[in-house]
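**Q** Per my numbering, residue 29 is the first one in the sequence shown, and the count goes up by one each step.
Pasting in a structure now, in structure tokens, and then I'll have a few things to ask.
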Amino acid sequence: MSTSPGRVVVGVDGSSSSVGALRWAAGYARCSGAQVHVVEAWVTPHVAGFPLDPAGDGGRAKAQADLEAVVAAAELPAEVTVTVQLVDGHPTQALLDAARSADLLVLGSRGHGGFTGMLLGSVSQHCVQHASCPVLVVRHG
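Right, here's the structure in full:
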């Protein structure tokens, strides 16, 4: 039997749905003693095959600031251990990779992409089908 605390991975993208998922994960971690690992993926935008890079860093500084803003907006309890990771790559693969050693993957039901009427976003749907650990999708609202 393992005595190490559990590990909960939370995928965020700056949407209010992902902030809700992070809050849920923090509440779960506070009750269970688990650690929370927050993951956001970013991809350098390209136009006609060339990177669109006005800041000269591939947009990484803005993505990091956005990630920190999501964590701040969630108002996490001080007693919860939280790590934060910005990953270069597609969100689905970044989350599946991070969840390989996790006890639970927590996601919001909808992010910034996709169609407004969809009940479950494409990233959440793919993670539910392919993650190596249980996945909880937190409905927004």
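Here a beta-carbon is modelled for each residue, glycine too, at the ideal position from N, C-alpha and C.
This one's a predicted model, so the numbers in the text were calculated from it and none came from an experiment.
Per DSSP, residue 69 forms a beta bridge with which residues?
**A** 115
**Q** Which word fits residue 106, buried or exposed, when buried means at least 16 other C-beta atoms lie within 10 angstroms of its C-beta?
**A** exposed
**Q** Would you identify the three-state DSSP class for residue 168, choosing helix, strand or coil?
**A** coil
**Q** What residue ranges within the stretch 88–136 form continuous beta strand (DSSP E) runs of no fewer than 3 residues, ordered along the chain?
**A** Whole beta strand (DSSP E) segments, 3+ residues: 110–116, 132–136.
**Q** Please classify residue 129 as buried or exposed, where buried requires at least 16 neighbouring CB atoms within 10 angstroms.
**A** exposed
**Q** Assign residue 34 to one of three DSSP states: helix, strand, or coil.
**A** coil
**Q** Going by alpha carbons, who is nearest to residue 167 out of 152, 76, 66, 117?
**A** 152
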